[in-house]
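Here is the structure we will look at, set down as structure tokens.
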Amino acid sequence: MKRMKPEWKSFLIDNGAEYASEDEIEVQSFGNAERERRVTLSGTVLCDLSHLGMIEAYGDDAQTFLQGQTTNNIIHLNGARSQLNALCNPKGRMLASFRAFKRGNTYYFVLSQDLLEDTLKRLQMYIMMSKVSLEDGSDSLVRFGLSGPQADDELKAVLNICPDLMDQIIEKDGISILRTASPFPRFELYGELEPMQRLWEKLNVRCAPVGAENWRLLDILAGVPMIVRATQEAFIPQMVNFQLINGISFHKGCYTGQEIVARTHYLGKQKRRLYRLQFKNGEQPSPADKLYSASDDKGQPVGTIVTAAPHPDGGFAALAVLKIEFAEKDSGIFLENHKSSLAEIHIPPYGFPVEPKKEEN
């Protein structure tokens, strides 16, 4: 069941939010989806994040328990920084990806809503005698995003403070402010209902509210993937560049799937990784859609869509895991049954490491 504070939803509706139905918690738009897409890449915007699920973990053994389940180092979550993180199966395949942070004595995992129930159940399987409680915390904290060229200035004007470093957290007036990756200054804000309502109202004076699809677009442009139900167990973390965006610690102790993830890092040659694609026309791709190459005579898939969103210049932006050999050829990547609509391939903003050349004998 999708959960959201009803008072917060009513507040957003009073401020112009539109939903597909009464039961939905994802804001479709604030009245003009096309204009909102344009302003997302040119102005400073507000975006409700209630469409994302949130897991709470707390208790005497919470840190130790979570450390044994996740790809990143939970010990580093001290209330002053957040991190990307993931949960894997024993074969190293990602069951969920999430942003993790600590607020007070509680750990929060922000993930795709459609994976929340499965992720909770899987984590609860391993609790055994550990003193840790795991709950669906989707309606415990109000959350929204702020992004744009002036986002940091707007925060400073309203709260008189702003995180300067990537993944840094600052708490002010009961509101946790997380800085995240983006082409522009971008922040996620978490807090109780009333202070978050006041903050939204103050920021809304000079910032434009936009629908949830625009936050996905910003994730795509930043090269930050999110695993959803359709892509669950499809990728190991390195395939979605998690090692390049600080989503994996190779120095922590064991966790489920760690052997495969570490072996790929230290011994394996990577054959697939995450790229940004631009489709000029056609239908919007869906997560798990297969991609093909015009240069592949075998007609086998060479990639998989991770996420996609409409782009203000027309068409769609997407993140996709591609076989490196075909991506580097830029050999005409297309969706199944859409061979006439070739995708432009772009390297994510953080770039790829240069592979050392092997010396010839």
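Each number in my numbering corresponds to the 1-based position in the sequence shown with 39 added.
Ideal Cβ placement from N, Cα and C applies to all residues, glycine included.
Cβ-Cβ separation, Phe289 to Arg132 (assumed contact under 8 Å), whole Å = Numbered from its first residue, the sequence shown carries residue 132 at position 93. Numbered from its first residue, the sequence shown carries residue 289 at position 250. With 8 Å as the limit, Arg132 and Phe289 do not qualify as a contact, their Cβ atoms being about 18 Å apart.
Any 3 or more C-beta pairs closer than 8 Å across the region 123-142 and the region 60-72 = no
Residue interval of the alpha helix (DSSP H) (run including Tyr389) | Position 350 of the sequence shown, counted from the first residue, corresponds to residue 389. Where Tyr389 is concerned, there is no enclosing alpha helix (DSSP H), given that its DSSP letter is neither H nor E.
Taking all protein chains shown into account, do 16 or more other C-beta atoms lie within 10 angstroms of the C-beta of Cys293, making it buried, or fewer, making it exposed?
-> As a position in the sequence shown, residue 293 is number 254, starting the count at 1. So Cys293 ends up on the exposed side.
Contacting residues, own chain, Cβ-Cβ under 8 Å from Tyr97 (five flanking each side not counted) | Working through the sequence shown from its first residue, we reach residue 97 at position 58. The residues are Asn144, Thr145, Tyr146, Val171, Ser172.
Element boundaries [beta strand (DSSP E), containing Pro248] | By one-based count along the sequence shown, residue 248 stands at place 209. Residues 247-249.
Quick one: give me the first and last residue of the beta strand (DSSP E) that Ser186 is part of.
-> For the purposes of this step, residue 186 is taken as residue 147 along the sequence shown, with counting starting at 1. Element bounds for Ser186: 181-186.
Please check the pair Thr346 and Met265, which I expect to be a contact at CB under 8 Å, by giving their CB distance rounded to whole angstroms.
-> As a first step, residue 346 must be located in the sequence shown, where it is residue number 307. As a first step, residue 265 must be located in the sequence shown, where it is residue number 226. Confirmed, about 6 Å.
Going by beta carbon distance, what residues of the same chain come within less than 8 Å of Glu398, once the five residues before and after it are set aside?
-> Position 359 of the sequence shown, counted from the first residue, corresponds to residue 398. Here Glu398 scores only 47 on pLDDT, less than 50, and its place in the model should not be relied on; the value that follows carries that caveat. There are no such residues.
Measure the beta-carbon distance from Leu217 to Glu227 and round it to whole angstroms, keeping in mind my assumption that it falls under 8 Å.
-> Numbered from 1 along the sequence shown, position 178 holds the residue referred to as residue 217. Numbered from 1 along the sequence shown, position 188 holds the residue referred to as residue 227. Rounded, the Cβ-Cβ distance is 4 Å, consistent with contact.
So, helix, strand or coil for Ala125, using DSSP?
-> Locating residue 125 in the sequence shown gives position 86, where the first residue counts as 1. In the structure shown, Ala125 sits in a strand (DSSP, three-state: E or B).
Among Thr158, Arg245, Glu383, nearest to Gly176 - alpha-carbon criterion = For the purposes of this step, residue 176 is identified with residue 137 of the sequence shown, where counting begins at 1. That would be Thr158, whose Cα lies nearest to the Cα of Gly176.
Where does the unbroken beta strand (DSSP E) through Arg74 begin, and where does it stop?
-> Your numbering for residue 74 matches position 35 in the sequence shown. Where Arg74 is concerned, there is no enclosing beta strand (DSSP E), although the alpha helix (DSSP H) it sits in stretches over 72-79.
Between Ser121 and Arg138, is the Cβ-Cβ spacing less than 8 Å?
-> On the sequence shown, position 82 is the one that residue 121 refers to. On the sequence shown, position 99 is the one that residue 138 refers to. Yes, the Cβ-Cβ distance between Ser121 and Arg138 is below 8 Å.
For Ala333, count neighbouring Cβ atoms within 10 angstroms of its own Cβ and tell me buried if that reaches 16, exposed if not.
-> Taking the sequence shown and counting its residues from 1, one reaches residue 333 at position 294. With fewer than 16 other Cβ atoms within 10 Å, it is exposed.
I think Lys130 touches Ile299, with their Cβ atoms under 8 Å apart; what is that distance to the nearest whole Å?
-> Here residue 130 refers to the residue found at position 91 when the sequence shown is read from its first residue. Here residue 299 refers to the residue found at position 260 when the sequence shown is read from its first residue. About 6 Å separates the two Cβ atoms, so the contact holds.
Span separating the alpha-carbon of Met164 from that of Glu61 | For the purposes of this step, residue 164 is taken as residue 125 along the sequence shown, with counting starting at 1. For the purposes of this step, residue 61 is taken as residue 22 along the sequence shown, with counting starting at 1. When rounded, the distance between both Cα atoms is 34 Å.
Close beta carbons around Tyr389, own chain, < 7 Å, minus the five adjacent residues each side | As a first step, residue 389 must be located in the sequence shown, where it is residue number 350. So the list reads Gly262, Leu283, Ile284, once near-sequence residues are dropped.
CA nearest to the CA of Ile384, picked from Arg312, Gln323, Asn376 | To locate residue 384, count along the sequence shown from 1; it is residue 345. Checking every option, the nearest Cα to that of Ile384 belongs to Arg312.
Within 10 angstroms of the Cβ of Gly70, are there 16 or more other Cβ atoms? Answer buried if so, exposed if not.
-> Working through the sequence shown from its first residue, we reach residue 70 at position 31. So Gly70 ends up on the exposed side.
Minimum length 3: unbroken beta strand (DSSP E) runs contained in the region 309-393 | 311-318, 329-332, 342-349, 355-362, 372-374, 383-385
Should Met168 go down as buried or exposed, given a rule of 16 or more other Cβ atoms within 10 Å for buried?
-> Residue numbering aside, residue 168 sits at position 129 when the sequence shown is read from its first letter. Under this definition Met168 is an exposed residue.
DSSP three-state assignment for Arg237, whether helix, strand or coil | Residue numbering aside, residue 237 sits at position 198 when the sequence shown is read from its first letter. Looking at Arg237 - three-state DSSP - the assignment turns out to be helix.
Who pairs with Cys86 in a beta bridge, going by DSSP?
-> For this step, residue 86 is matched to residue 47 along the sequence shown. Cys86 is bridged to Gly184, Val249.
Quick one: residues in its chain with C-beta nearer than 7 Å to the C-beta of Gln271, no 5 flanking neighbours on either side, listed in chain order?
-> For the purposes of this step, residue 271 is taken as the residue at position 232 of the sequence shown. Answer for Gln271: Leu134, Leu154, listed in chain order.
Among the residues of its own chain, which have a CB less than 6 Å from the CB of Val249, if the five just before and after it don't count?
-> Position 210 of the sequence shown, counted from the first residue, corresponds to residue 249. Answer for Val249: Glu75, Thr79, Val84, Cys86, listed in chain order.
Mind checking Glu233: buried by the 16 CB within 10 Å criterion, or exposed?
-> Taking the first residue of the sequence shown as position 1, residue 233 is located at position 194. Exposed.
Between Pro324, Lys308, Asp352, Gly371, which lies nearest to Asp336 when the distance is taken from Cα to Cα?
-> Indexing the sequence shown from 1 puts residue 336 at position 297. Among Pro324, Lys308, Asp352, Gly371, the Cα nearest to that of Asp336 is on Gly371.
Could you check what DSSP says for Thr110 in three-state terms: helix, strand or coil?
-> On the sequence shown, position 71 is the one that residue 110 refers to. Coil.
Looking only at DSSP bridge pairs, what is Gly92 linked to?
-> Translated into the one-based positions of the sequence shown, residue 92 becomes position 53. DSSP, once it has assigned bridges, lists Leu150 as partnering Gly92.
How would you call Lys362, buried or exposed, if buried means at least 16 neighbouring beta carbons within 10 angstroms?
-> As a first step, residue 362 must be located in the sequence shown, where it is residue number 323. So Lys362 counts as buried.
Per DSSP, what kind of secondary structure is Asp206 in: helix, strand or coil?
-> Counting from one through the sequence shown, the residue named residue 206 turns up at place 167. The answer is coil: DSSP assigns Asp206 none of H, G, I, E or B.
Nearest-angstrom beta carbon gap, Ala327 and Thr343 [assumed within contact, 8 Å] | Taking the sequence shown and counting its residues from 1, one reaches residue 343 at position 304. Taking the sequence shown and counting its residues from 1, one reaches residue 327 at position 288. That belief holds up - the Cβ atoms of Thr343 and Ala327 are roughly 6 Å apart, short of 8 Å.
Have a look at Ala366, Lys319, Ala348, Gly321 and flag the residue whose alpha-carbon is nearest the alpha-carbon of Pro340.
-> Taking the sequence shown and counting its residues from 1, one reaches residue 340 at position 301. When only C-alpha atoms are compared, the closest one is Ala366.
Would you kindly work out how many angstroms separate the C-alpha atoms of Lys41 and Lys160, rounded to a whole number?
-> For this step, residue 41 is matched to residue 2 along the sequence shown. For this step, residue 160 is matched to residue 121 along the sequence shown. If I take the Cα positions, the gap works out to 16 Å.
So what does Phe226 bridge to, in DSSP terms?
-> Translated into the one-based positions of the sequence shown, residue 226 becomes position 187. Phe226 is bridged to Leu185, Arg218.
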